[in-house]
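As you go down the protein sequences, you meet chains Z and F in turn. full-length UniProt numbering puts the first residue of the first sequence at 1, with every later residue one more than the last. full-length UniProt numbering puts the first residue of the second sequence at 1, with every later residue one more than the last. Beta carbons: idealized from backbone N, C-alpha and C, even for Gly.
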Amino acid sequence: MTQRKRPSSTQSSSQRRHTGNLVAQDEDDDATFTQPSTSQVQRGLEKLTPAQVDQKTAEVVQYFLVKDQKKMPVRRADLVKHVVKDYRNIYPEILKRAARTFDQVFGLKLVEIDPKNKMYILVNNLETPDKASPVRSPSNPKMGLLLAILSVIFMKGGVVRENLIWNTLRKLRVDPGEKHEEFGDVRKMVTDEFVRQRYLEYVRIPHTEPIEHEFRWGQRADAEVSKAKILEFMGELHEQDPKTWTQQYRQAHSLPNSSQASTSSSSQR
Amino acid sequence: MASRSSSSTAAGGSDSPQKPTKTKRTRRKRRKARAVGDMSRQMGESHRRFLQTMMVSGVIDEQAAKALYQYCCETHHTQYAPDKLEDFIDTINSRLQPMFMQIRKGMSENNGLQYYALVNMAETDITRMSSDYADNELELFRKTLDLIVCSENGKASSTDILNSTDSMTTRKMKKSETEHLLSRLVHDKWLSEKRGEYTLSTRCIIEMEPYIRTMYQDHIKVCHICRNIAFQCQICENPTCGIKIHNPCVARYFKGKSEPRCPSCDDFWPHEIPEVKRPHSQSRR
Chain Z
1 MTQRKRPSST QSSSQRRHTG NLVAQDEDDD ATFTQPSTSQ VQRGLEKLTP
51 AQVDQKTAEV VQYFLVKDQK KMPVRRADLV KHVVKDYRNI YPEILKRAAR
101 TFDQVFGLKL VEIDPKNKMY ILVNNLETPD KASPVRSPSN PKMGLLLAIL
151 SVIFMKGGVV RENLIWNTLR KLRVDPGEKH EEFGDVRKMV TDEFVRQRYL
201 EYVRIPHTEP IEHEFRWGQR ADAEVSKAKI LEFMGELHEQ DPKTWTQQYR
251 QAHSLPNSSQ ASTSSSSQR
Chain F
1 MASRSSSSTA AGGSDSPQKP TKTKRTRRKR RKARAVGDMS RQMGESHRRF
51 LQTMMVSGVI DEQAAKALYQ YCCETHHTQY APDKLEDFID TINSRLQPMF
101 MQIRKGMSEN NGLQYYALVN MAETDITRMS SDYADNELEL FRKTLDLIVC
151 SENGKASSTD ILNSTDSMTT RKMKKSETEH LLSRLVHDKW LSEKRGEYTL
201 STRCIIEMEP YIRTMYQDHI KVCHICRNIA FQCQICENPT CGIKIHNPCV
251 ARYFKGKSEP RCPSCDDFWP HEIPEVKRPH SQSRR
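What follows is the structure in structure tokens.
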């Protein structure tokens with residue numbers, strides 16, 4: 001949606017050019033970006049005007065929103081390299097303010113899905129409403145199909161062989177082998193698009209001939225989709241109490257892990 | 001009782017001027033109104049849900065916006081006043097401003113209805129689209145924009161657009177690539193297509209009006225009735241007049257008039273007067 005505004009930090013970039021070594025170092029150590037200490041952040045903030053910090057925060061927010069539109073996770077290294085740039089010494093403060101903006105303005109939660117590689121996604125923080133919205137979302141059909149897939153995986157204990165998913169889709173009149181009117185290349189959508197968006201994991205099963213894969217929930221699904229709601233729906237579908245699926249019920253109502261919403265209520269969204 | 005009434009008359013200050021009491025009352029009313037207004041400045045869950053929907057949908061018509069507003073308020077148990085949609089959106093806009101985003105309103109040139117679109121205010125160029133389109137695709141979009149702005153009817157035929165690829169300076173596009181791009185632009189709600197002719201979508205007009213006004217200063221048409229930029233419009237045939245009016249604005253302005261006359265030069269208005277379009281009772285997009 002937006003191209004971030006280029007900061008008018010010409011002065012600092014020319015300063016960087018004078019310290020030749022430092023420039024090379026900055027470009028190299030993107031992968032090994034070290035978090036500045038609290039005192040470093042404090043000192044950094046003192047040298048900047050509130051307007052500058054706000055502007056940089058807004059740029060970070062815009063960057064995330066553009067990436068999130070395509071459901072692509074944001075790598076910290078990219079964020080620092082392309083947006084934060086000269087403000088990297090106050091990076092934790094910028095990120096904190098951006099997270100606050102996402103929460104207060106957009107009702108989104110900034111979630112770290114990969115602590116090792118420092119990747120972030122934006123997750124919906126608003127609870128699922130009981131009544132459907134009067135405005136129909138264009139992504140609804142894809143989400144419906146995804147939810148069906150996630151439900152199957154969840155009910156089957158968290159991992160399924162791919163054939164089960166393909167059969168499920170065929171039962172829903174969505175044939176992965178054929179070009180679908182709404183979804184196009186179904187197989188590609190499930191194994192590529194949903195995987196890139198971190199809704200699913202599609203992993204090769206070793207020693208299988210012909211090659212077989214298995215599906216699991218992806219990190220975005222973990223953060224965004226409520227297992228309790230899936231179980232509730234299953235209960236309605238089969239006219240059973242959700243508690244009859246003891247394993248799944250326990251999973252759905254267990255304490256949230258670190259990457260999920262920290263609300264005590266079991267209904268995450 | 002008699003004494004009371006007499007004392008109240010005295011206290012009522014019939015001798016003292018009415019003015020101070022009235023001012024006190026209006027001051028109190030204004031303070032209360034401001035307080036209520038301030039409350040609505042606070043962004044709540046209902047605002048966030050509205051904004052999230054706008055982010056997903058991009059553009060919605062006024063009726064859908066009203067329904068959405070009600071739905072958001074009811075879902076989050078927020079006080080709902082049917083006539084306060086603009087205030088509600090103002091609250092959201094005040095928080096979106098630092099990110100150069102706004103929810104803006106504009107009229108569709110096709111049905112005359114009002115639409116709300118979430119737009120990017122930062123760019124003064126079409127680079128707002130640059131995260132989704134390649135350089136040569138943007139160049140072709142600019143060429144399409146040229147054709148539409150400079151046309152009389154606000155349309156560009158697919159033939160003309162295809163021909164314009166001949167003069168591209170970036171990597172040339174084949175016919176199939178051009179057709180694919182055009183369908184993407186329609187899908188992404190930048191262009192609308194009807195019978196092989198392309199027009200600017202309502203969202204595109206709302207978002208790009210400032211850019212278009214700057215870039216095409218001398219070429220743009222402005223509607224005489226609503227003063228907004230006009231692409232698909234009727235033009236007065238009087239060579240010394242030549243005012244432009246949007247089709248829906250024509251419908252509204254000349255409604256019920258037996259003999260339509262130009263509002264500027266009073267010449268007979270020769271064009272077919274369209275019907276005023278009514279909004280659907282159930283607006284689903």
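Residues that DSSP places opposite residue i in a beta bridge
i             : result
H246/F        : C233/F
H180/Z        : G184/Z
G106/F        : Y115/F
C223/F        : K244/F
N125/Z        : For N125/Z, which the question treats as bridged, DSSP gives no partner whatsoever.
residue 303/Z : Since the first residue shown for chain Z is 1 and the last is 269, residue 303/Z is missing from the structure and cannot be characterised.
A156/F        : Y198/F
Y249/Z        : The partner list for Y249/Z (beta bridge, DSSP) is empty, contrary to what the question assumes.
L191/F        : L200/F
R261/F        : F268/F
Beta-carbon proximity check, residue i vs residue j, cutoff 8 Å
i      : j      : result
N238/F : C265/F : yes
S164/F : E197/F : no
L146/Z : Y202/Z : no
Q114/F : E62/F  : yes
F154/Z : I90/Z  : no
R184/F : N136/F : no
M173/F : L140/F : yes
G154/F : I148/F : yes
V250/F : Q232/F : no
L164/Z : V174/Z : no
E72/Z  : R196/Z : Here the sequence assigns Met to residue 72/Z, which means Glu is not the residue at that position. Yes.
N-terminal and C-terminal residue of the alpha helix (DSSP H) that residue i is part of
i      : result
N202/F : Reading the sequence as shown, one finds Thr at residue 202/F and not Asn. Here the alpha helix (DSSP H) through T202/F covers 202–215.
W166/Z : 162–171
Y87/Z  : Y87/Z -> no alpha helix (DSSP H), and no H or E assigned at all.
K227/Z : 227–238
S176/F : 175–187
N93/F  : 85–96
Y63/Z  : 50–69
V56/F  : 45–57
N136/F : 135–150
A67/F  : 62–75
D78/Z  : 76–79
V41/Z  : 38–46
Cutoff 8 Å: residue i Cβ touching any chain Z Cβ
i      : result
L96/F  : yes
S131/F : yes
R49/F  : yes
R102/F : The residue you asked about is not Arg; residue 102/F is Gln in the sequence shown. It does not; no Cβ of chain Z falls within 8 Å.
M39/F  : At M39/F, the pLDDT of 49 sits below 50, so the modelled position is not reliable; the number obtained from the coordinates is stated separately. Taking Cβ atoms only, chain Z never reaches closer than 8 Å to M39/F, which makes this a no.
E45/F  : yes
S176/F : no
A35/F  : Note on A35/F: pLDDT 49, under 50, position unreliable in the model; no value is reported.
K277/F : no
T165/F : no
Of the residues the options, the one placed nearest residue i, counting alpha carbons only
i      : options                        : result
F102/Z : Q79/F, E272/F, L51/F           : L51/F
Y211/F : A65/F, M107/F, G154/F, R142/F  : R142/F
S131/F : R170/Z, Q247/Z, Q62/Z, P176/Z  : Q62/Z
H271/F : I243/F, K277/F, T53/F          : I243/F
I89/F  : M54/F, M99/F, H77/F, H76/F     : M54/F
D192/Z : L79/Z, G218/Z, V135/Z, V174/Z  : G218/Z
S176/F : S192/F, L191/F, T159/F         : T159/F
H77/F  : R49/F, R252/F, D218/F          : R49/F
K189/F : R203/F, T199/F, E207/F, R261/F : R203/F
A58/Z  : E46/Z, K96/Z, H213/Z, S37/Z    : K96/Z
K105/F : I126/F, D166/F, E193/F, N228/F : N228/F
A143/Z : Q104/Z, V190/Z, L237/Z         : According to the sequence as given, residue 143/Z is Met; it is not Ala. Ranking the options by Cα distance to M143/Z, first place goes to V190/Z.
Chain F contact for residue i (CB, 8 Å cutoff)
i      : result
L145/Z : no
V105/Z : yes
S267/Z : For S267/Z, the predicted model reports a pLDDT of 37, less than 50, meaning its position is unreliable; a value from the coordinates is still stated below. False, the Cβ-Cβ gap to chain F never drops below 8 Å.
V135/Z : yes
V66/Z  : yes
V152/Z : no
L95/Z  : no
A58/Z  : yes
Y249/Z : no
L126/Z : yes
D185/Z : no
P73/Z  : no
Segment limits, beta strand (DSSP E) that includes residue i
i      : result
E112/Z : 108–114
Heavy atom of the ligand NAD within 7 Å of residue i beta-carbon
i      : result
M215/F : Of the ligands one can find in the structure shown there are none, so the ligand NAD has no counterpart to examine.
Chain-ordered chain C contacts of residue i [CB-CB under 7 Å]
i      : result
K142/Z : Going by chain labels, chain C is absent from the structure shown, which instead holds the protein chains Z and F.
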